Structures are given as structure tokens and as C-alpha cells.
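>
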Amino acid sequence: MVSTRQSSDALLDRIGLHPNTLVELYRYMLLSRALDVRAWALSRQGRARFVITSRGHEAAQIGLAFALDRGRDWICPYYRDMALVLGIGMTAREIMLTIFAKATDLCSGGRQLPMHFSHPRWRIISGSSVVSTQILHAVGLALSAKLSGEDVVAVTCFGDGGSSKGDFHEGLNFAAVHRLPVIFFCENNGYAISVPQHKQMAIRDVASRAAGYGMPGVVVDGGDPIAVYQAVREARNRALAGDGPTLIEAKVARFTAHSSDDDDRLYRPREEVEAALANDPIPAFARRLKDLGFLDETTDRDLQASVVAEVDEAVAFAEAAPEPEVSDLLTHVFAEEGESP
Amino acid sequence: MVSTRQSSDALLDRIGLHPNTLVELYRYMLLSRALDVRAWALSRQGRARFVITSRGHEAAQIGLAFALDRGRDWICPYYRDMALVLGIGMTAREIMLTIFAKATDLCSGGRQLPMHFSHPRWRIISGSSVVSTQILHAVGLALSAKLSGEDVVAVTCFGDGGSSKGDFHEGLNFAAVHRLPVIFFCENNGYAISVPQHKQMAIRDVASRAAGYGMPGVVVDGGDPIAVYQAVREARNRALAGDGPTLIEAKVARFTAHSSDDDDRLYRPREEVEAALANDPIPAFARRLKDLGFLDETTDRDLQASVVAEVDEAVAFAEAAPEPEVSDLLTHVFAEEGESP
Amino acid sequence: MSMKNVLQAVHDALDEEMARDERVILLGQDVGVRGGVFRASDGLLARYGERRVIDTPLSESAIIGVAIGASIGGYRPVAEIQFADFIWPAMDQIVSEAARMRYRSHGTWGCPLVIRTPYGAGIHGGLYHSQSIEATFAHVPGIKVVAPATPRDAKGLLKSAIRDPDPVLFLEHKRTYRLIREEVPDEDYTIPLGKAIVRRPGRDLTILTYGMMVHESLKAAEAVAADGIEVEVVDLRTLSPLDKPAILESVERTHKVVIVHEDSLTGGFGGEIAAIIASEAFDTLDGPIMRVAAPDAPAAPFNDRLEEAYLPSAPKIEQAIRQLAAY
Amino acid sequence: MSMKNVLQAVHDALDEEMARDERVILLGQDVGVRGGVFRASDGLLARYGERRVIDTPLSESAIIGVAIGASIGGYRPVAEIQFADFIWPAMDQIVSEAARMRYRSHGTWGCPLVIRTPYGAGIHGGLYHSQSIEATFAHVPGIKVVAPATPRDAKGLLKSAIRDPDPVLFLEHKRTYRLIREEVPDEDYTIPLGKAIVRRPGRDLTILTYGMMVHESLKAAEAVAADGIEVEVVDLRTLSPLDKPAILESVERTHKVVIVHEDSLTGGFGGEIAAIIASEAFDTLDGPIMRVAAPDAPAAPFNDRLEEAYLPSAPKIEQAIRQLAAY
Ligand SMILES: Cc1ncc(C[n+]2csc(CCOP(=O)(O)OP(=O)(O)O)c2C)c(N)n1
Ligand SMILES: Cc1ncc(C[n+]2csc(CCOP(=O)(O)OP(=O)(O)O)c2C)c(N)n1
Ligand SMILES: [Mg+2]
Ligand SMILES: [Mg+2]
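Protein chains in written order, with my numbering: chain F, 1 to 341; chain L, 342 to 682; chain U, 683 to 1009; chain A, 1010 to 1336.
1. Counting C-beta neighbours from all protein chains within 10 Å, is the total for S58 (chain F) 16 or more, i.e. buried, or is it exposed?
2. Closest Cβ-Cβ distance between I805 (chain U) and chain A: below 9 angstroms?
3. Can M515 (chain L) be considered in contact with ligand 1, in the sense that its beta carbon sits closer than 8 angstroms to one or more heavy atoms?
4. On the DSSP bridge list, what partners appear for E654 (chain L)?
5. Here's the rule I'm using: 16 or more other beta-carbon atoms within 10 Å means buried, otherwise exposed. How should S344 (chain L) be labelled?
6. Under a three-way DSSP split, which group does W122 (chain F) fall into?
7. Give me, in chain order, the residues of the same chain whose beta-carbon lies closer than 7 angstroms to that of G583 (chain L); leave out the 5 immediate sequence neighbours on both sides.
8. Taking 9 angstroms as the CB-CB limit, is T738 (chain U) close to chain F?
9. What are the residues that DSSP puts in a beta bridge with I416 (chain L)?
10. Whole-angstrom Cβ separation of V1301 (chain A) and L1214 (chain A), contact assumed at under 8 angstroms?
11. Considering H198 (chain F), what are the terminal residues of the alpha helix (DSSP H) in which it resides?
12. Taking only the alpha-carbon atoms, compute the straight-line gap between R1184 (chain A) and G1129 (chain A) and give it to the nearest angstrom.
13. Classify A1079 (chain A): buried if its beta carbon has 16 or more other beta carbons within 10 angstroms, exposed otherwise.
14. Is E187 (chain F) near ligand 3, in the sense that its beta carbon is under 8 angstroms from a heavy atom of that ligand?
15. Using alpha carbons as the reference points, say which of L:S504, L:R595, L:G555, L:E491 lies closest to F515 (chain L).
16. For ligand 4, I want to know if D501 (chain L) counts as a neighbour, meaning its beta carbon is within less than 8 angstroms of at least one of the ligand's heavy atoms.
17. Does any residue of chain F have a CB that is nearer than 9 angstroms to the CB of N985 (chain U)?
18. Note down the Cα distance separating Y992 (chain U) from P324 (chain F), rounded to an integer number of angstroms.
19. Hey, could you find the ends of the alpha helix (DSSP H) P1324 (chain A) is sitting in?
20. When we look at the beta-carbon of Q347 (chain L) and count the other beta-carbons within 10 Å, is it buried (16 or more) or exposed?
21. In whole angstroms, give me the CA-to-CA distance for M1 (chain F) and L22 (chain F).
22. To the nearest angstrom, how far is the alpha carbon of I1003 (chain U) from that of A960 (chain U)?
23. Is the separation between the beta-carbon of G413 (chain L) and that of V493 (chain L) shorter than 9 angstroms?
24. Let me see if you follow: with CB-CB separation under 9 angstroms, is R346 (chain L) close to chain A or not?
25. Return no unless some Cβ of chain F is closer than 9 angstroms to the Cβ of Y801 (chain U).
26. With DSSP collapsed to three states, give me the class of L180 (chain F).
27. Identify the residues that DSSP records as bridge partners of E187 (chain F): which are they?
28. Just to check my reading of the structure: A375 (chain L) and V614 (chain L) have Cβ atoms closer than 8 angstroms, yes? What is that Cβ distance to the nearest angstrom?
29. Let me check one thing: in DSSP terms, what residues is R290 (chain F) bridge-paired to?
30. Using CA coordinates, which residue listed in L:G481, L:S505, L:E590 is at the minimum distance from Q571 (chain L)?
31. Measuring CA to CA, which of A:H1133, A:L1274, A:I1285, A:P1157 is closest to E1181 (chain A)?
32. Nearer than 8 angstroms: is that true of the beta carbon of R396 (chain L) relative to any heavy atom of ligand 6?
33. Contact criterion: CB-CB distance below 9 angstroms. Does Q475 (chain L) meet it with respect to chain F?
34. Is the region 25-34 of chain F close to the region 281-298 of chain F, with three or more CB pairs under 8 angstroms?
35. For A928 (chain U) and V913 (chain U), which I take to be in contact (beta-carbon distance under 8 angstroms), what is that distance rounded to the nearest angstrom?
36. Return yes when at least one heavy atom of ligand 4 lies under 8 angstroms from the C-beta of R595 (chain L), else no.
Below is the structure:
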């Protein structure tokens, strides 16, 4: 297991990200946060039925997104990956359409709960709500990439809770045996709803499981998008070189309750939440960019305003979008005549 | 991971097994082998429908059996554990009754395939044919022991193949979180039917998975009953002391085809089988006992004759036993009125 | 008597059984500190301690498999599957193991355990927080399947399930949790598994149903009563073992049957009920056996409009009643 | 034409489809070097290589889950579950994932994959090498269920399954593997999914069945023909989608129905068939709908005598025919 908890500033040069790209990363984090905050508000107002946030996970997810070949690498996300899918290419409008379950919701046409992402253009594969099932799909997609020779990888994300499932084990093992180009990305926020990590596993790092499959396991600070970016780049290069899968564990914090249906005051000490909020990766990244001279206050304010405007527009657009027709209820159970798989 | 591949002779004193007990171990190995050879012959003659052997695994299983508190510790075996259940207390007659699927078969009343062991007196819990499901039952039994405070452990056996299943992962993780008194005993013979280890996993030792659950993993030479005995004693002591589960991996060889329905010439090099046979743990153990002066030629010959006689008698007894009545078909689907769970 | 909803009734049954029998333990995700995502085990951790109220890792197969082992070891585990939709990873442990332990060991070992799980749609849970799963398990010999519709039944049946020597799948329709309220006895009582109940007598037509659809059926029955159609509503309560005598008796009285379930039509449990009637009460039938059920889509969609279109409801049942009554 | 048994027919279908379409890959336990435990993929590793014939770890959920991913990635996986009894660990991947991918993504993604698995009893396989699993999956919208009875059908239907854009569960009755032989065309042909076939015409009574029970039913029909009872035997071949028109047509001709399946009675697929008839062909019925099926035990026991007692067979079917014919 390799620890990447180190100052990533020193690495900035080496990894070769353009300052503009770093600002872009920052903007995606802001956008995700703004969408998240708005979605939560909509749910509190009764305008959205159900919401799950990415709050606290954004840095990890955006670092991940930027390390991928967007639109070519296969993505099997989970419900907490809104920042990731934005970073890959989904738009604020598309997010709002799925939150409002509109007919033009590209994820599912209004069939799934919000945050069950899917996108034809971005190779984002529809997942269920059943934890960790998507891990195996990523392994299968990696197998298809290996067979076809396409130089892409598959990435799948899941939580600390998801690492307790049988599918996690079967997936990592299968991928290791066949040295498949897949990245297993665990977003460890220390909770499966109310169950804290020590009641889920008797180990400190999920990444320590990697050795038992014969693949590298990497722990990375999920509050540091650059560190995540770098860890994923390495894993991706290994995968493309035919050296097989990697398990990356990003240590993150969940800022909100599990979902809009949850009340984490029932089980989580307030001080813990406050400490996490005090370590919010987004302002921390802004400070870093400013220290490095890549971002000034005016640009920052403009960015913050622009994402809010983008969210406003997306909400208005999506609320006005048409509801699904009842006649749509039974479409796509099977392929229609002549439809190709 | 601790390696116990060391000369166990030096340990003889320290572990404190009486020489008579060592000869007893030897006799159980002989008995298992004799039963196995006969069962295979019966299947070839068409007198037994189906047989799975323990051949090559006996030393490991008898070492395991003798390290347990027989009749008190819970046993969740798998189909390759005939030597184990003999070592625990089942008799040759009982084995033959289950092979012939007779009414008085204690394992299942003729319902299950042979080698699906169960015994009320010996706390041997009935298993299915579905690989690795029994692992979780052992964890649950260990939970019950922990709750009741009974000073017993639960033991479950499975093969290298079984370690690829989701239930392996979920079981080891659950046991580790709750520090349950359970021993996971992997009999690694390098094959899941025809699939060799390197196509099952990208690691050398199944035991190396233990670290990922936060429990000790031990590799032991499954051809050495004393080494196995010792490893299990240690694990058992840890478990009883409240220090939780252990994963023990016994390296063994499968001497026969997977089952009487299999033909391993289709997939297994003959030299490999011959090399394994040349390293047969049973004559090796006899030689060791003789070197130590615990066994002489006459006793050895007598033992060999006595187990054959025991098997002869068991076959005759079981063949003469009554068949199940057709009226038995629908009993025990549910508890009968008034039957206690 | 106290006014309770279904959730409170479930909670009280758990509480009282844990107080009555030390062997009763709970295990599941979030059942401890949080008291369950629906709060069915609220306060039980505080009352009975961490040893008896166990928050598990996110491992459905382990929840059931461990419950099996603990039940053989002398305990009476009540395992919670957080949503019925997440029971499939434990399918193998339920079907291959729990349901067969007694049969395959010829009576040596048995699994006195309960699997509680919230099921059903109508709460905007989307495709994976809405499923009905009863047909699958009612086809499995060796496990009982219970699906109460009311608080009184939920409590009495859950107590019977916990005291039963065999595995019981206990299905709690999550729409009934807070919606359905009634007076529930304060003293200890049980309701036997395997017994249906006539919720509303009627001579013209029999509705056979269970769970949330009992309430929709009663509404429909009320609606047609205005036109003089007297519908008998039979709440099956337990699907396995099924109360065949109660079914046949009602059908012999009314000669017409509508079977109602929320689960999708094809292969749903209504088929079994229809088959029994078509075989054993054929002569008494005065019309085709009708079924009202969800269409053959994978589950109820999230969008309100689609969910409503998907779900059987009083108006749809009413339509079937009128059609059959006129036959 | 060549004389083939069912196993050879399955083998040939796999071989020919792999030759025809490079995207077809096999994965499962022992499918490679060993050619499958029943040798259905014998020689295919040698012919198509390790990349297309993949021996997997002992992980059913992974076999299906990986097949799902590979199918989305452009391949046409044919996954083998070594015995149908071992499909339950993959239940979640089949029901929650494969069967819903298209519906839940509103048509964006689909899973063109086949799950082949030997099922059924009569070969002394004991409780866990004998199960019938069709009822469970025929209740799941989004996956097709095929159960051929003859070599010709096995080959033609498996080819259709492999070419189908959606997941197909392909059930091979293992007792038919070597027992049932017939002339099979040498040239490429397919048999469409969802179409039943009349195996034996008759005017007095309809038997609706599939798989191994087709052959037992034909024997029974033969036996009663001597007494002038003309039984029509309809082989359903596909259970989902079900050929309702063929069922109703036959029943409208004969007015009497016996449904036969090897699976246990309660909740078996026979219930669905009976329900359809009792609803849509009620007026044409001249007698109760009868079912011949295994009793409600967990599965066929190993002991010969018990297994025979458990299994439906020609004599048991004959008895039902005579009883109904005399009605
Ligand atoms: C198989 C399954 N079991 C239970 C649930 C209910 N559930 C939804 S999310 C969740 C916790 C997941 O925790 P984790 O994997 O750590 O992800 P996080 O939400 O913390 O990001 C649970 C128990 C589910 N969706 N699927
Ligand atoms: C879940 C499941 N899948 C497949 C099988 C078929 N099967 C029986 S034994 C076996 C191989 C088991 O190998 P291993 O666990 O190494 O045990 P061994 O027989 O080598 O002792 C397989 C694939 C099964 N019984 N259960
Ligand atoms: Mg988490
Ligand atoms: Mg092995």
C-alpha cells in the first residue's frame, strides 16, 4: 500500500496540469456544491422528492474525473457521484432533469430516484440502488476493453459500506486474475448511513484489502483533488500498460445526512460534522490556487456567481420540462422491434 | 501472515500430545483413506451413485479435528471433509449409510448427496452443495457462542475455490468486526474442479486475505497433521481469549478427480498427480511415528488391517440397512406440531 | 387498547418479544443507534444493549447467513433487510440454506428466524425501494411468508413469526407504516400464521388480497356497495402456508373472484390462487377469475405520474368488480 | 440432418454462433480446458482461444455481473451457471441489474447476454443438483426464459437467444442431455423465442408443458390413446414471453387442460398458465384446470426411491388425464 498523503503542491509541476485546468477543476467543485445546496433546498421546500449529496466528496470526484479520458473511459458511478458525473460531462440541466424526474431526464426518463446517473454520450452506465452491484459491471466493461484492444479503462466508485459486499470481493478478484484495466475507487466517508467504519470493518484502510487480490492499494487524501488526480493517473497508466487493476481509497467526509430522508443527528456527533466542515476541501483548494497565483479574488467571485446562475437556469429549465407520458410506462422493458442492443 | 512450515517434530514436546494420541491420529487417517478407497470402488462398481474423496487432505483434517473440543465446538464442514468428521466422531457405518442414502442416514435420511455431513451428537451442521454458504453459518454459531458465553469455537472448512465467493468475504469481515470465536480453515488443493489456482486468484496464499479483514492469516503444511494441530490450537486459544477469528490455509493436494463424476485426465498433468501421490502424508506420518519410536511395523500392519475390517463391516451393515419409505418424502419441510426448533 | 400505526405495532412486537425471550436478537443495517431507517427498532438498542441489537456491515448475505448460524446456536434472530429490494443478494442463503436446513438434515437442525423487510410502492421510492417480493418466496418450500395489512395483525403475526420454529419472511408494506392506524390490544396476543380473515363480508363477489391492497380493495368495495354490489374482501395475511379453506369457502359463497396484488401480474402470486380455485372450486364459479395487479414492468417508477399509473388502486379494482359483477 | 442429443445440439449452437459472430464469448466455471462439466463447450477453448472461452473463479455473481458489463461493452456473453441450483448467488445481478438495465436507463443501455444452465432432476443429483428455477425468473420482467425439450429446439432457440438484444435465461434440462435424440438440420437455422409448438395434436384434452415433462406427457398421451382419449400436447418452449395465443387456441379446441411441470406445485409457473386460462378462456372450459407437479418439498431427494416419488412422470400424468377426461 502506498500512501500519497504528501504535499501535492510540490507535485504540481511534475503532473503537468495547466493552471487553467486547475481553475477548471475548482469551478466544477463549485458547480457541484451549488447544485447540491440547491437540490437540498428544493427537497426541503417539497419541490424535489429526494436528494443525495456529494458534499465533502467533490474534491475526490473532480480529481478522479480529470484523470480520465472523458467520453471514452467507462464510468460506473454510485449515487454519491454527482460531482464526478459533472466533471465527466453531464450538465446542471441534466442533473436537474433527473432530480425532477422529467420525461427528458437522460438518466432514466424519470424512472429512477435522482442521482442514479446514466449518460449515453459520456459512457456513464446506469446503476441500481443496490450497493456495489456496479463494481462487477466495470469489471465486465474492462474485459470488453481488453478484448477489443481499445485503450480505455473502466472506473467504478463505491463507499466504505460498499466494500463489505460480496460483489466487491468477487469483482476485485476477477479483475486481478485477468489483469483487467479497471480502477476501483472507494470513497471512504466513514459511514454507511449510520453505521460507523469500525462497525463495518476491523481495519483502518479499505485499500489494505488490495493485497489480498494481488493488486496495488492506494490511500489518498480525498480532500486534495491533485493527489487524487495523480493517484488515478498512475492507476490508469498501469491499467493501460496491461498491469491490471488498482484499488484507490479516497478518505473523505460526508458533510450532510445520508440523504434528504435521513437525519444524522440521530447518530452522529455534531462536533465531528463541524470539524469536517471546517476542513472543507473547496475553500482549501481556492486558497491553494490563490497562493499559487492561479486564482484571484475577482475571478473567484465571478466563478461563484456563474455557477449559481448556471444552477438557477438549470432549475428553471428543468421545472418547465415536460412530465413523462403515462404511455411511457411500459417502454424499454425489452428492446423494441429492430432496436439494436 | 505467519508461516508454520517448520519441522514439527521439534514441537512434539511443546504441544504435549501423548504418543498414543499420535497413533490415534494416524489410525483416523488410515480409516478415512480406507473408507475413501472403498467408496470410490463402490462407485466404480455401480453400488454407490456418487462419491467425493478426502484423499490427500486427511492429515490436515485430522490435525484439525484433534485440535478441537469434539462434540462442543461447532463444525460447518464441506463435502471434502470426511476425514474431519471421522476425527470428530462420526463412524464408518454412518459414512456408509449416507453413501448408500439409507433411511437411517443421520446426515439427511438419504436426501442429500453423499459427503454432505450432519450429526446431532457432534454439532456437525448440515451444509448444502452450494460452495461457501457454510462459512456464514459458522460465523453465526460463533456469535451465539459469544452471546451465551459458552467456551466453544466454530470451525468452517472450504476450498481454494470457495475463497472466491462473496460469502467468504462477508463472513470473514463480519467475524472480524465482532471478534467472534471462529476458525476459517481453507483446504487449498490448487483446484476448483478443473480450474487451477492461478485462474482463481492472483495471489499465492489465500491466507494473505486475512490482513484485509484485520485477522491473522496462517499458512500451514496440510500434509503435516501436527503442524495443523498446532496452528488450530493457537487459533482456538485466541478465539476463546476473545481475540477473534483466524484464517488458516492448509496447503494440500487432491489425489483423485474432483468427484466420481469427474475425469481429471481432461485437465490435469499426470506428473502433477504422481508427484502428489509420492508425497502422500499418511505413509510420511507413519515413518515419522516409527522414527520417533511411537509405532512399530506390527502395530502398523494391525492398524491397517483393522481399518479395512471396520470398513468391510460398515459396508455390509449399511448395504443391509433399510431404504427410506416413500411416505418420508414430505416430512421435515417444517417442524412438526410441537417439535421444538 | 391503544391507537397505533403499523410501524408502532411492529416496534412493539419486537420490544415485547425481546423482553419476553432473551434469545431474541435483532440484526441489520442501521437497526442500532439509528433505530432502523424507518425507526422500527427505535430505542431497542438502549433497552437491550449492543449484544442483542446488532448493527451489521452492509452485507445482506451475511445478515441472513449469520442469522441462520445464530438460530442453530440457540438464538431467535430477527434479521432486518432494509428494503425488500435488497433481499436478492441474500437469496441463496434464504432459499438454499434457511428454507432447507430442516429438510436436508432430516429434522436434526432447524432455523427459527424471522426476516423482516419493508416492501411495496406508493412512497415514491423508485425502482429499487418499491418492489414486491412475495411471489418468489411463496414458491419456496420451507419458509413461511406473512404479509399483514393492519397494525393489529402486524403485531400479532410478528409475534407468532418470532415464536415459530421455522424461518418466516415477514413483509411490511411500507405505505401502511404510517397510513394505517387502529386500536391494538395492550396485552400480549398472537395471531396464528396461515389464517386469512374476512375484512368485509359480501355475497356477490370475493376479493382475495393482502397487504396494502386490502385497503384499496375495501375502498373499491365501498364504492360499488352504493350500487348494490356486495363484495367480500378476504385478507390472506399469510401467503405460505396459504389458507386454502378460507379461500374456497368464500368463493363457494360468492361464485366470483377478483384477485388483487400490487406485484406485477405475470408469475405473481395471484396465479397460484387462481389455479387453486380453477382446480378445486371450478364448479362453483360463475365467471372468469380476474386479476388486478401491476403491469409487467420491473418495478414502480419514481415519477409520480408513472408510479400512479403503475400501481393497482381502488378505481382499477372497482372497474374489475363492475365488469365481473355484470358477467 | 444429423442425429444429435440435446447436449450436442447446445454444443453445436455455441460453436456455430462463435464462428458466426466474434463478439460471442463464453464464461463460466470449468468451461475452458474441461469443456464444461457436461462438456457442452468441449473443444471450444481450442477452437476460439482463451480470450473467448473464459474459465472464471467460483463466483456466480461475478459471472453474471461481468457478463453484464461485457455485453454493454459490445460483446455477446454466454454465461454458464454450472448447475441451476447455483444461480441464487447471482440472483441480484440477474434481477436487479441485467433484467432492468434497459428499463432503468430508458433504453440507453441493454444487456444482450445469455445465461445457460442445466436444471431439473431425474439424474440422482440430490437436493442441490436438481432444481427447477423457471417460475422465479418468469416472474421477472426484462429477462426472457427459454426451456427447450428437444435437440432441434435447443439448437434453434439457443441461437435465437444469443442473437437476442435482451438477457435470456436458457434452461437445459439435464435429463434430456443424453436421453433425447433426433435429427437436427445441419444448416444454420433459428427458432423464434416466444412460440409454442403442438407436439401431438388431440381433440379431447390439452396438456401444457415444457422441458423434460414434454416427453413424459407424450408417453402419457400415448398410453391413454389406446382408450380413445386424444390428448393434445403443447410444448411451450419459451415461458417468458409466453405464447398465450397458442395456449388459448388449444384450450378452445379441447375445453380441458392439464398443466404439467417438474417444479414444485405451489407458486410454480403452472399457476400463471392456469390463471390466464381461467381468466381468458373461462367460457370454453369443460372441467377444472388440473396441475401435475412435484410436491412442495425443497427439491428432489438423492435416494432413488424418494426421487422417483418426488418427480412427476407419465403414470402420474396419465392418472390426471383419465380423471379429467372422465369429468
Ligand atoms: C444492497 C443494499 N443494501 C442496503 C442498501 C441501503 N443503503 C443505501 S446507501 C447505504 C449505505 C452505503 O454506505 P457507503 O457504501 O459507505 O456509501 P456512502 O453513502 O457513505 O457514500 C445503505 C445501507 C442498499 N442501497 N443496497
Ligand atoms: C456456488 C457453487 N458454484 C459451483 C458449484 C460446483 N462446484 C462444486 S465443487 C466446485 C469446486 C470447488 O473447489 P474448491 O472450493 O477448491 O474445493 P475442492 O473441491 O477443491 O476441495 C464447484 C465449482 C457449487 N457446488 N456451488
Ligand atoms: Mg460511506
Ligand atoms: Mg480446491
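Here a beta-carbon is modelled for each residue, glycine too, at the ideal position from N, C-alpha and C.
Model, not experiment: these values are computed from the prediction.
Quick look at the numbers:
1. Here residue 58 (chain F) refers to the residue found at position 58 when the first sequence is read from its first residue. Note on identity: in this sequence residue 58 (chain F) is Glu, with Ser being the wrong assignment. E58 (chain F) comes out buried.
2. What you label residue 805 (chain U) is simply residue 123 of the third sequence in a count that begins at 1. Output row for I805 (chain U): interface = no.
3. Locating residue 515 (chain L) in the second sequence gives position 174, counting from the first residue. One detail in the question is off: residue 515 (chain L) reads as Phe in this sequence, not Met. No; taking the cut-off as 8 angstroms, the Cβ of F515 (chain L) has no heavy atom of ligand 1 nearer than that.
4. Here residue 654 (chain L) refers to the residue found at position 313 of the second sequence. Beta-bridge partners assigned by DSSP to E654 (chain L): none are found.
5. Your numbering for residue 344 (chain L) matches position 3 in the second sequence. Legend: pLDDT at S344 (chain L) = 45, less than 50; position of this residue unreliable, no value from coordinates given.
6. Counting from one through the first sequence, the residue named residue 122 (chain F) turns up at place 122. In this structure, W122 (chain F) counts as coil in the three-state DSSP scheme.
7. As a first step, residue 583 (chain L) is located in the second sequence; it is residue number 242 there, counting from the start. Counting only Cβ-Cβ distances below 7 angstroms, and skipping sequence neighbours, we find R520.
8. To locate residue 738 (chain U), count along the third sequence from 1; it is residue 56. By this cut-off, T738 (chain U) is an interface position.
9. Translated into positions along the second sequence, residue 416 (chain L) becomes position 75. Paired residues: L:I465, L:V496.
10. Taking the fourth sequence and counting its residues from 1, one reaches residue 1301 (chain A) at position 292. Taking the fourth sequence and counting its residues from 1, one reaches residue 1214 (chain A) at position 205. 12 angstroms between Cβ atoms; not a contact.
11. Walking along the first sequence from the start, residue 198 (chain F) turns up at place 198. From DSSP, the alpha helix (DSSP H) with H198 (chain F) extends over 197-200.
12. Here the question's residue 1184 (chain A) lines up with position 175 in the fourth sequence. Here the question's residue 1129 (chain A) lines up with position 120 in the fourth sequence. Taking the straight line from one Cα to the other gives about 7 angstroms.
13. For this step, residue 1079 (chain A) is matched to residue 70 along the fourth sequence. Flag for A1079 (chain A) reads buried.
14. In the first sequence, residue 187 (chain F) corresponds to position 187, counting from 1. Under cutoff, so the answer is yes.
15. Against the second sequence, residue 515 (chain L) aligns to sequence position 174. The residue with the shortest Cα to Cα distance from F515 (chain L) is L:G555.
16. The sequence position of residue 501 (chain L) within the second sequence is 160, counting from 1. Flag set: Cβ of D501 (chain L) near ligand 4.
17. Looking up residue 985 (chain U) in the third sequence gives position 303. Yes, N985 (chain U) lies at the interface with chain F (some Cβ there is under 9 angstroms from its Cβ).
18. Here residue 992 (chain U) is taken as the residue at index 310 of the third sequence, counted from 1. Here residue 324 (chain F) is taken as the residue at index 324 of the first sequence, counted from 1. If I take the Cα positions, the gap works out to 13 angstroms.
19. Counting from 1 along the fourth sequence, the entry for residue 1324 (chain A) is found at position 315. Taken as a continuous stretch (DSSP letters only), the alpha helix (DSSP H) holding P1324 (chain A) covers 1323-1334.
20. Locating residue 347 (chain L) in the second sequence gives position 6, where the first residue counts as 1. Confidence at Q347 (chain L) is low in this model, with a pLDDT of 45, below 50, so the placement of that residue should be treated as unreliable; the coordinate-derived value is given next. So Q347 (chain L) counts as exposed.
21. By 1-based counting over the first sequence, the position of residue 1 (chain F) is 1. By 1-based counting over the first sequence, the position of residue 22 (chain F) is 22. Confidence at M1 (chain F) is low in this model, with a pLDDT of 46, below 50, so the placement of that residue is unreliable and no value is reported for it.
22. What you label residue 1003 (chain U) is simply residue 321 of the third sequence in a count that begins at 1. What you label residue 960 (chain U) is simply residue 278 of the third sequence in a count that begins at 1. Taking the straight line from one Cα to the other gives about 18 angstroms.
23. In the second sequence, the residue the question calls residue 413 (chain L) occupies position 72. In the second sequence, the residue the question calls residue 493 (chain L) occupies position 152. Going by the sequence as given, residue 413 (chain L) is Arg instead of Gly. Their beta carbons are under 9 angstroms apart, which means R413 (chain L) touches V493 (chain L) by this criterion.
24. Your numbering for residue 346 (chain L) matches position 5 in the second sequence. Summary for R346 (chain L): the model assigns pLDDT 40, below 50, so the residue's position carries little reliability; its value from the coordinates is reported in the next sentence. Taking Cβ atoms only, chain A never reaches closer than 9 angstroms to R346 (chain L), which makes this a no.
25. Here residue 801 (chain U) is taken as the residue at index 119 of the third sequence, counted from 1. Chain F, which has no Cβ nearer than 9 angstroms to the Cβ of Y801 (chain U), makes this no.
26. Here residue 180 (chain F) corresponds to residue number 180 of the first sequence, with the count starting at 1. L180 (chain F): coil per DSSP, three-state reduction.
27. Here residue 187 (chain F) refers to the residue found at position 187 when the first sequence is read from its first residue. Looking at the DSSP assignment, E187 (chain F) forms a beta bridge with F:G159, F:A250.
28. For this step, residue 375 (chain L) is matched to residue 34 along the second sequence. For this step, residue 614 (chain L) is matched to residue 273 along the second sequence. Incorrect: roughly 20 angstroms between the Cβ atoms, too far for contact.
29. For the purposes of this step, residue 290 (chain F) is taken as the residue at position 290 of the first sequence. Rather than Arg, the amino acid found at residue 290 (chain F) in this sequence is Lys. K290 (chain F) is not bridged to any residue.
30. For the purposes of this step, residue 571 (chain L) is identified with residue 230 of the second sequence, where counting begins at 1. With distances taken between Cα atoms, Q571 (chain L) lies closest to L:E590.
31. Working through the fourth sequence from its first residue, we reach residue 1181 (chain A) at position 172. If we check each option's Cα against that of E1181 (chain A), A:P1157 comes out closest.
32. Among the ligands present in this structure, namely ligand 1, ligand 2, ligand 3 and ligand 4, ligand 6 is not found.
33. Here the question's residue 475 (chain L) lines up with position 134 in the second sequence. Answer no: the Cβ-Cβ gap between Q475 (chain L) and chain F never drops below 9 angstroms.
34. yes
35. Position 246 of the third sequence holds residue 928 (chain U). Position 231 of the third sequence holds residue 913 (chain U). Not really, about 16 angstroms apart at Cβ, beyond 8 angstroms.
36. Numbered from 1 along the second sequence, position 254 holds the residue referred to as residue 595 (chain L). Answer for R595 (chain L): yes, Cβ within range of ligand 4.
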